[in-house]
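J.: Have a look at this one.
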Amino acid sequence: MKVTQKDTYTILEDEHDDVLKFASYLEYVVPEKYEDLNLVIDLLKYTELTLEQLVAFIKLSNYQRADKKSFVFVNTGIDYDVIPDEMVVVPTLQEAEDIIQMEEIERDLGF
Numbered sequence: 002m003k004v005t006q007k008d009t010y011t012i013l014e015d016e017h018d019d020v021l022k023f024a025s026y027l028e029y030v031v032p033e034k035y036e037d038l039n040l041v042i043d044l045l046k047y048t049e050l051t052l053e054q055l056v057a058f059i060k061l062s063n064y065q066r067a068d069k070k071s072f073v074f075v076n077t078g079i080d081y082d083v084i085p086d087e088m089v090v091v092p093t094l095q096e097a098e099d100i101i102q103m104e105e106i107e108r109d110l111g112f
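The numbering of the sequence shown is our numbering, which starts it at 2 and goes up by one.
Below, the structure is given as structure tokens:
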């Protein structure tokens, strides 16, 4: 896994070619090492990501968001109309950063 630290968030990117194994791995490693961070999950390399593959991350997404941390996926290959409401998926890393900034402001304001 490739890890890129930014000022207010961390990008986690799969270095292999199995999105389901990456989801399983993150369920183990995020609570251990990254639970206090806003996270961006870079899935750009999966140009044909399916809803079933994305939903493999839903438990972890709910875990992070319940702990008042941002959890944003970056992918261009999924139909945005089928994404569950509790998941945030954007097409670019810049948009992921923008989402995190907006969510940080909302948390600071008590929303």
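Every residue, glycine too, gets a C-beta built ideally from N, C-alpha and C.
Can at least three beta-carbon pairs, one atom from the region 33-40 and one from the region 85-98, be found at a separation below 8 Å?
T.: At 8 Å Cβ cutoff, the stretches do not touch.
J.: At which residue ranges does the region 59-99 contain complete alpha helix (DSSP H) runs of 4 or more residues, listed in the order of the chain?
T.: 59-67
J.: Would you call GLU33 buried or exposed, if buried means 16 or more other Cβ atoms sit within 10 Å of its Cβ?
T.: exposed
J.: From TYR47 to GLU104, what does the alpha carbon distance come to, in whole angstroms?
T.: 26 Å
J.: So, with DSSP's three-state summary, where would you put GLU53?
T.: helix
J.: Looking only at its chain, what residues have a beta carbon closer than 7 Å to the beta carbon of ASN63, apart from the 5 residues adjacent to it on each side?
T.: GLU87
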